[in-house]
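Asks: Counting in numbering that gives the first Met the number 0, the sequence shown runs from 0 upward without gaps.
Note that beta-carbon positions come from the ideal geometry of N, C-alpha and C, so glycine has one too.
I have a structure here, written as structure tokens, and I will follow up with some questions on it.
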Amino acid sequence: MKNGFTLMEVCVALAVLSAGVLVFGRFLDGFNRLQALERTKAKSVVAVSETIEELVRNPPWCKDSSFVRNEVNVVLNAVPGAKLLAWVEAASVSLPEVKLRRLVRCKKIRQNP
């Protein structure tokens, strides 16, 4: 009896090994894509929340408006009444499903006589 493997055994072993490497590579590629998407979502959430917090620290004028700041679409809707309040809705430009809404104080618009 000879020691070693036959050519057929080596070919089968290489085929099984190749299939395993291919499956692992596909899994790793999907994981990397998912990780990149989650990183993008996290950056969008941070940008949206920072934009709203900036509007809390520096109140906007009490008028309906919309603008883009720091890759974030901002829509401002003044609340009618005695209180100086406005609804701020901020959504990410790159991921529109990342959206926050908050009630903030706003500055009164001066009327010229």
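(1) Is the distance from the Cβ of Leu-83 to the Cβ of Lys-107 below 7 Å?
(2) In the DSSP assignment, what are the bridge partners of Asn-72?
(3) Give the DSSP-derived three-state secondary structure of Arg-109 in the structure shown.
(4) Are Arg-101 and Pro-58 touching if we call contact CB-CB under 7 Å?
(5) Using a 10 Å radius around the Cβ and a threshold of 16 neighbouring Cβ atoms, would you call Thr-50 buried or exposed?
Replies: For this structure:
(1) Taking the sequence shown and counting its residues from 1, the one referred to as residue 83 is at position 84. Taking the sequence shown and counting its residues from 1, the one referred to as residue 107 is at position 108. It is a contact, given that the beta carbons lie within the stated cut-off.
(2) As a working mapping, residue 72 is identified with position 73 in the sequence shown. In DSSP, Asn-72 forms a bridge with Val-67, Ala-90.
(3) Residue numbering aside, residue 109 sits at position 110 when the sequence shown is read from its first letter. Arg-109: coil per DSSP, three-state reduction.
(4) Within the sequence shown, numbered from 1, the residue matching residue 101 stands at position 102. Within the sequence shown, numbered from 1, the residue matching residue 58 stands at position 59. Cβ atoms of Arg-101 and Pro-58: not closer than 7 Å.
(5) The residue you call residue 50 lines up with position 51 of the sequence shown. The residue is buried, with at least 16 neighbouring Cβ atoms inside 10 Å.
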